[in-house]
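Participant: In our numbering, the protein residues as written are 48 to 471.
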Amino acid sequence: MTLALGCIADDYTGASDLANTLTRAGLRTVQTIGIPADDLALPEVDAVVVSLKSRSIEASLAVSRSRAAETWLRGRGASHVLFKICSTFDSTDAGNIGPVMDALRDDCGEGIVLVTPAFPETGRTVYQGNLFVGAVPLNESPLKDHPLNPMHDSSLVRVLARQSRTQIGLVDLAAVARGADAVRARLAELAGKGIGAAIIDAVFDRDLETIGLVAAEHRLSVGASGIGLGLARALVSTGKVKSNAAGGESGAAVGGPAACLAGSCSQATLKQIASAEQVMPVFHLDPDRILTGADEAQRALDWARPRLAGGPVLIASSSTPDQVAALQARHGRDAAGHAIEQAMADIAESLVKSGVRRLVVAGGETSGAVVDRLRIPGFLVGVEIAAGVPVLRAVGAGGDMLLALKSGNFGGPEFFSDALRLMR
């Protein structure tokens, strides 16, 4: 295997988003869960997205796991590695974006790294180094209230500077608008001042193409799926990759029982749950019962199993931001998050043992816990359900299975129904 592009994603739903974006742009792409074992059979592809669950863990662990992933990707011929982060730049002042970026930059010997979470197609833009969600700065949007990594500063230069050992600069929209040569000149200027990373503005899709052309000339970049789109288009336009215009894999129908799990507390997911209640049975977990040791997972399974033969079911732990804050105040933020994730993983494992072969999961941390528990080593990327969310066909999992892993903020109101309609 000789890869045109290697990617390291800091959570599983973000990895699916990126894999979907690369596939749409014409790259044959596989998403792996962790660093693949040597005996995992992977097809010939242009890009591999190594999924890590490293966004909210201790920074030193995130660094060591990301370094190991980079070593594997470089060993398969990847001259450029993208460290894929969330489009809302989810990260505390202790990391993990800055520490991982610094480590990967040191390892590959890169002088200056381009960084942007911009993805205009999904409403994420960067202007003068500030991240916008739609028409408002990140810190004024509902997305600021992530339960683990709240984001209350829209200035990415400031945010990254608080985490990184290097100085952080800015490549503004005026330079991007002038084209690739202007961006190269600005990067050279910043590097000459000892600056090791630069936030780069992007407001339109065409900006991503300019960024991709320049980034592909370097060894490392950091960003969301937008920069992945720019890199993919650059690889195709420069002839380094022959476009796979057919897009994602199709494959035999799976059939059988289907279930949905929702752990995200985003406004988008809460609306999707409310919509699903009109068309399928929905069970709402009691987070306090999970935290106090009651067998809430078993109660949900006893509810779900007799209903699976009649159609899909949805089990949700999602709560409003106020309810989440109150739960964290009673039990502690880390304890609450971990307990709920593990309860959802318990439920997923038991549902699969009960015959479920089509599983939709909403929420990055929930998706990570579920996929880890199911021990799925990788996925082939299928058709797109919503922007950033493809159908995934498990590989090396001991049986045919389809999954959809959704970041909390992604998808329209009918997402669960839309996903199940495409997962046949």
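Each residue gets a CB set at the ideal place from its N, CA and C atoms; glycine is no exception.
(1) When the Cα atoms are used, what is the spatial distance from Asp58 to Ala395?
(2) Expressed to the nearest angstrom, what Euclidean distance is found between the alpha-carbon atoms of Thr413 and Val147?
(3) If you run the structure through DSSP and keep just helix, strand and coil, what is Phe462?
(4) Given this structure, state the Cα-to-Cα distance separating Asp335 from Leu374, to the nearest angstrom.
(5) Using the rule of at least 16 other Cβ atoms within 10 Å of the residue's Cβ for burial, across every protein chain shown, is Asp333 buried or exposed?
(6) Is it right to say Lys453 is buried, meaning 16 or more other beta carbons lie within 10 angstroms of its own, or is it exposed?
(7) Expressed to the nearest angstrom, what Euclidean distance is found between the alpha-carbon atoms of Gly270 and Ile432?
(8) For the stretch 117-127 against the stretch 199-218, are there 3 or more C-beta pairs whose distance is under 8 Å?
(9) So who's on the other strand from Tyr174, going by DSSP bridges?
(10) Quick check on Asp248: buried or exposed, where buried means 16 or more other Cβ atoms within 10 Å of its Cβ?
(11) For Ser401, count neighbouring Cβ atoms within 10 angstroms of its own Cβ and tell me buried if that reaches 16, exposed if not.
(12) Report the option in Val417, Ser111, Ala323, Gly411 whose CA atom is closest to the CA atom of Thr392.
(13) Going by C-alpha distance, which of Ile104, Ala372, Leu255 is nearest Pro164?
(14) Taking contact to mean 3 or more Cβ pairs, one atom from each stretch, closer than 8 Å, check whether the stretch 103-115 and the stretch 160-176 are in contact.
(15) Can Ser272 and Gly410 be called in contact, C-beta distance under 9 Å?
(16) What are the residues that DSSP puts in a beta bridge with Leu203?
(17) Under a Cβ-count criterion, where at least 16 other Cβ atoms within 10 Å of its own Cβ denotes burial, should Ala88 be classed as buried or exposed?
Facilitator: With the given structure in hand:
(1) 18 Å
(2) 22 Å
(3) helix
(4) 7 Å
(5) exposed
(6) buried
(7) 22 Å
(8) no
(9) Asn177
(10) buried
(11) exposed
(12) Reading off the sequence shown, one finds Ala at residue 392, where the question assumed Thr. For the residues Val417, Ser111, Ala323, Gly411, the minimum Cα distance to Ala392 belongs to Val417.
(13) Leu255
(14) no
(15) no
(16) BP columns for Leu203 are empty, so no partner.
(17) exposed
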